[in-house]
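Protein chains in written order, with the numbering used here: chain A, 1 to 306; chain B, 1001 to 1306; chain C, 2001 to 2306; chain D, 3001 to 3306.
Using N, Cα and C, we set each Cβ at its ideal position, and we do this for glycine too.
See structure below.
4 protein chains.
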Amino acid sequence: MRAEFHQVAEKVNNWGRWGADDERGTLNFITPDVVKAATGSVRSGRSFALSIPLSSDGPQIGMIPGRINPLKTMLAINDPMTGNIDEFCTSDDSVVMGLQAGTHWDSLAHATYSNRIYNGAPIASLTTRGAAKCGIDKVGPLVTRGVLLDVARVKGVERLDPGYALTAEDLDAAAEMGKVTVRSGDIVLVRTGQIQLLHAGDKTGYTFPSPGFSMKTAPWLHAHEVAAVANDTIVFEVFPCEYEDLPLPVHLLHLVEMGLTQGQNWDLEALAADCAADGQYDFLLTATPEPFVAGLGAPVAPVAVK
Amino acid sequence: MRAEFHQVAEKVNNWGRWGADDERGTLNFITPDVVKAATGSVRSGRSFALSIPLSSDGPQIGMIPGRINPLKTMLAINDPMTGNIDEFCTSDDSVVMGLQAGTHWDSLAHATYSNRIYNGAPIASLTTRGAAKCGIDKVGPLVTRGVLLDVARVKGVERLDPGYALTAEDLDAAAEMGKVTVRSGDIVLVRTGQIQLLHAGDKTGYTFPSPGFSMKTAPWLHAHEVAAVANDTIVFEVFPCEYEDLPLPVHLLHLVEMGLTQGQNWDLEALAADCAADGQYDFLLTATPEPFVAGLGAPVAPVAVK
Amino acid sequence: MRAEFHQVAEKVNNWGRWGADDERGTLNFITPDVVKAATGSVRSGRSFALSIPLSSDGPQIGMIPGRINPLKTMLAINDPMTGNIDEFCTSDDSVVMGLQAGTHWDSLAHATYSNRIYNGAPIASLTTRGAAKCGIDKVGPLVTRGVLLDVARVKGVERLDPGYALTAEDLDAAAEMGKVTVRSGDIVLVRTGQIQLLHAGDKTGYTFPSPGFSMKTAPWLHAHEVAAVANDTIVFEVFPCEYEDLPLPVHLLHLVEMGLTQGQNWDLEALAADCAADGQYDFLLTATPEPFVAGLGAPVAPVAVK
Amino acid sequence: MRAEFHQVAEKVNNWGRWGADDERGTLNFITPDVVKAATGSVRSGRSFALSIPLSSDGPQIGMIPGRINPLKTMLAINDPMTGNIDEFCTSDDSVVMGLQAGTHWDSLAHATYSNRIYNGAPIASLTTRGAAKCGIDKVGPLVTRGVLLDVARVKGVERLDPGYALTAEDLDAAAEMGKVTVRSGDIVLVRTGQIQLLHAGDKTGYTFPSPGFSMKTAPWLHAHEVAAVANDTIVFEVFPCEYEDLPLPVHLLHLVEMGLTQGQNWDLEALAADCAADGQYDFLLTATPEPFVAGLGAPVAPVAVK
């Protein structure tokens, strides 16, 4: 692999930082003190949902084999328990879906290379039973301060150019605009505006080409001790990737080297409009993944409370 | 149906209270002011997960046809994108499950009787597409103050007797023990201890017979303007039911008459132990359901922050 | 509905023909004598599979909500039962799919109109549990003589024009070309050549517009006492339909009025090439649907033995 | 592994017999001549279904993780295409199920040991995509002569003792009773009567302990050039196994060493009653598996025509 990659990898590596058995990586930055302090970001008590709706009209277009949009079917429709419609009737449903089909977190085990998982866990821990190490169930409760870095806004565009690779300077500029200092244990949400294409029904355009994180942003997230990071795209990192011969390097830097939990398909539009209106870019963020045992990822219904 | 039921139904009915088109019922009690005040319950910043793990070893034993425990399968295992194991490899998974299989919220449309949904919505709104009215996606962000009413503890037992019907006096006694006053917009969590049977592997015993809510507790929840209510059982209300000829009356009172969102299979054991230790029975509760469009229920990963 | 429809409906109606409780319709034409005679069509003993492969690369493109191509996932991969790879290891899989996603039979309950199912069964027989009447499990063993009517070949084209409505004369001409007389209890397979588009990867073109059966062919199938009928298209009948204000009339004539089981996505290309080569257009056909209880349709793996 | 096993394995091994690239094993015994001759077994034209119903009430009790009984849900119920109930309405369904949940064939890749698949195919051919070699889609059309060996009847019992290991002598005795000579290319169906327990609702008893094939029957099936073999049990071979330290040896002998396709959960009761009545124990058997690409097994709806 390219030298550029290895240079960054070495710089941001967190293996052993939280012990040889750690499976949570940078989530360890979220201490009770961090959580308590985060409540100070709640000023008016207004809440913003950051998830996209879960339905068969989701963003998946078949690019990832088998990662299907939620197919929800009914198990019962107004079904009288006793046969008498005037007594208790039930309606019930079930779903089949890719665990990373909608708004989700990647588990640290989702990406690997050279037979390595975060913190050096053996690759053999990945089986048909899922991820014995670093599964999404290891995340646990996720409530901390969130910070919105609205890069599209700071650049004065509706949305970033397709294929634009975010830089450290972009993140600094967005933080400055938001008058917010990123602290250890924050979850950083970076807005590109790309999800507007999904809202407009252009699922293919939403998918590719896409702006996103780059090898240049990984050291920034490392230096700021960010606990987790999410954005409003489906690939998460810039796609097509920075180098043709280096597929998805940001996944490898974040998940494998840093142990940095990352999220995709987060809808930041309504939150961003509110932040632009009142100038407050920090908030209490609740974003606990569904605890699928040994899951490689999981749906999340994140909420920002300002 | 029994006169007892209709008397309570009339007393607790909320139809029209929040307008003819309302689909959120008592969740309307949660105002921004309520949310802001709830952050005052965070003192140390410690978080408690209240969900049970999502796996094929879940609590479902086939009592509800088709409501299966999560069956998670792998779509890819350490699969090299380029064919080269030293570059990006991916692991991915999908799931099929009943939407009410684990820790979940019922949507208001989950139960009906006499062709009535909450707020008089037409029964025809329930189709193979799901619940056009009062679906779980109508809930939105759910962050407010939570209060634990530990009825098992106030009665001095490990867990309530199987088949015990909770009373209004039980709730008052638990609130008094917890030195907490239930306020408008609170979510109330009632602990019976029943989930200990699930932890012990006794899924059948966990299911039935079970303590739970009764027709006596509905007016109490109504009077206190509770926003939503959950407990640590699978049926939620006492089972077998109070009257043999009156199946699941509490579902009808809560969901249909009051528009009171209710949750099941919440694991309150660790939280309760902590509350007993420090005497603090209120907390910030985050419990946003996964936004399944038109869903009759949805998984939730609730977290209490003290 | 148009008078043309009702005229044909009256002519081909079979309600009561096999008793008031019949759920099998024209399959009743298949008697033991018919089956025994069908073995006389086996001359060389060569077998031809008529099904398309079942995979995520199937013909479904999302036109029918929820009818997904088979998504097969692995439950175990070379998993050692005792932990020792030198002893018994297992590999196992599961699938989620629309029951009519691939090569399939429609059950007689699949289509309805004016609250009527075949033979006047009550519409209330259709619930979330499936089809209590006329489900695909009522078909039972399906082995009889098959006859290929190669309309594309008799017209001297690779495949029929998109949107071409088959006529009775087409069927007669194809039978004459094949030197075969359709008999009571035969299953008739009609080749349009449309499935070539699927083989070429043009799933949209395969779906629509498409040649297929019409209101003109229903009386022909009725008069010849055909037991069941299938073709090599996904809609089965000509699409767009013959009259803009009369959606899918052939489904209603066949399934509701006649009780004529019909099949779609049958791959007749290899069989047709062989029939053209040796001039033998009849064969033993085995086409028993998978017995899904109360299913609205079912996969079938039909085989022609010549 | 035990010397007994290796002795039998060496004797019955078919690797290379049909070429280095063969993926069909003993199915190669079924030639067109065999198929043509098989039609001679049809005397009256009566058909017998040999499959169990596909429903959520199937035989799976959770012994094999994830191999669930069919869960069928409705995609549409009497849904009017134009909104007008008097025009075309559709009902449609989907299913999720283990591919070996009901009456099925194992693919040759289903079992392995010492990193070996039938014919020495590399174990790496088994991935999340399924079986690249020896998948169930390689079987193709399956129509040949079937022979019922009714061991329960020849021993004069309703059903064989739980845990009874079939012997070569049992198969000879049943053939003699049936006045049938097993020929090259036949599919042999062996009746134990065990499935009576399933009919009686005793799913656990049906599963275990169970009579079935043994290391003693493999050489017999090899010597008779049997094309495929099925019985009326869920494990197929005797269970508990013959030696405590030798798990499922018959699977390894049949699938890995011989390339002998094997079937489970075949319901032979009605067929056996008829054979006992008329003394005819051979028939035309149609048993083509659903062509799941790369499947480790597949449902089949076998039919015997006498």
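Reducing DSSP to helix, strand and coil, say where residue i ends up.
i                 : result
Leu3166 (chain D) : coil
Ala131 (chain A)  : strand
Tyr2243 (chain C) : coil
Glu237 (chain A)  : strand
Asp267 (chain A)  : coil
Ser1047 (chain B) : strand
Ala2200 (chain C) : coil
Lys3072 (chain D) : strand
Gly146 (chain A)  : strand
Gly212 (chain A)  : strand
Gly297 (chain A)  : strand
Leu2160 (chain C) : coil
Leu3255 (chain D) : helix
Ala2228 (chain C) : strand
Leu2171 (chain C) : helix
Ala1276 (chain B) : helix
Leu1260 (chain B) : coil
Ile1187 (chain B) : strand
Ser3091 (chain D) : strand
Pro1249 (chain B) : helix
Thr1207 (chain B) : helix
Val303 (chain A)  : strand
Asp2079 (chain C) : strand
Would residue i count as contacting chain A if we go by Cβ distances under 8 Å?
i                 : result
Thr2204 (chain C) : no
Leu1126 (chain B) : yes
Leu3252 (chain D) : no
Between residue i and chain D, is the shortest Cβ-Cβ distance under 8 Å, so that the two count as touching?
i                 : result
Ile1030 (chain B) : no
Ile1061 (chain B) : no
Pro2209 (chain C) : no
Tyr2113 (chain C) : yes
Is the Cβ of residue i closer than 8 Å to any Cβ of chain C?
i                 : result
Leu3248 (chain D) : yes
Ser107 (chain A)  : no
Pro3162 (chain D) : no
His3110 (chain D) : yes
Is residue i close to chain B, meaning its C-beta is less than 8 Å from at least one C-beta of that chain?
i                : result
Gly100 (chain A) : The question names Gly, but residue 100 (chain A) in the sequence shown is Gln. So, interface residue.
Would you verify that the beta carbon of residue i is, or is not, closer than 8 Å to some beta carbon of chain F?
i                 : result
Pro3122 (chain D) : Note that chain F does not occur in the displayed structure, where the protein chains are A, B, C and D.
Closer than 6 Å by C-beta to residue i: which residues in its own chain qualify, once you throw out the five before and the five after it? Chain order, please.
i                 : result
Leu166 (chain A)  : Phe213, Ser214, Thr217
Phe2048 (chain C) : Ala2270, Leu2271, Ala2304
Leu198 (chain A)  : Pro59, Tyr206
Glu158 (chain A)  : Gly193
Gly319 (chain A)  : Within the shown structure, residues of chain A are numbered from 1 to 306, placing residue 319 (chain A) beyond reach of any answer.
Ser3125 (chain D) : Ala3132, Lys3133
Pro289 (chain A)  : Trp105, Ile136, Val139, Ala298, Val300
Spatial neighbours of residue i within its chain, please: C-beta separation below 8 Å, excluding the five flanking residues on both sides.
i                 : result
Thr3204 (chain D) : Ile3061
Val3151 (chain D) : Leu3160, Leu3166, Asp3170, Leu3171, Ala3173, Ala3174, Val3190, Arg3191, Thr3192
(message) Using a Cβ-Cβ cutoff of 8 Å, what residues of the stretch 2082–2098 of chain C are near chain A? List them in chain order.
(response) Flagged, chain order: Val2096.
(message) Just to confirm the assignment: which complete beta strand (DSSP E) runs, minimum length 3, are found wholly within the stretch 2093–2120 of chain C?
(response) As far as the stretch 2093–2120 of chain C is concerned, its whole beta strand (DSSP E) runs of at least 3 residues are 2104–2106.
(request) Within the stretch 1004–1041 of chain B, note down every full beta strand (DSSP E) run reaching 3 residues or more, in order along the chain. (result) Listed in chain order, there is nothing to give.
(request) Could you please tell me which residues of the stretch 271–303 of chain A, in chain order, have their CB closer than 7 Å to any CB of chain C? (result) Within the stretch 271–303 of chain A, no residue has a Cβ that lies closer than 7 Å to any Cβ of chain C.
(message) Along the stretch 1063–1082 of chain B, where does the CB come closer than 9 Å to a CB of chain D? Name the residues.
(response) Answer set for the stretch 1063–1082 of chain B: Pro1065, Gly1066, Ile1068, Leu1071, Lys1072, Thr1073, Met1074, Leu1075, Ala1076, Ile1077, Asp1079.
(message) Please identify, using Cβ separations under 9 Å, the residues of the stretch 1029–1056 of chain B that lie next to chain D, in order along the chain.
(response) Of all residues in the stretch 1029–1056 of chain B, the ones placed with a Cβ closer than 9 Å to any Cβ belonging to chain D are Ser1056, in chain order.
(message) Any C-beta of chain D within less than 8 Å: which residues of the stretch 2135–2167 of chain C qualify?
(response) For chain D, the residues of the stretch 2135–2167 of chain C that bring a beta carbon within less than 8 Å of one of its beta carbons are Asp2137, Gly2140, Pro2141, Leu2142, Val2143, in chain order.
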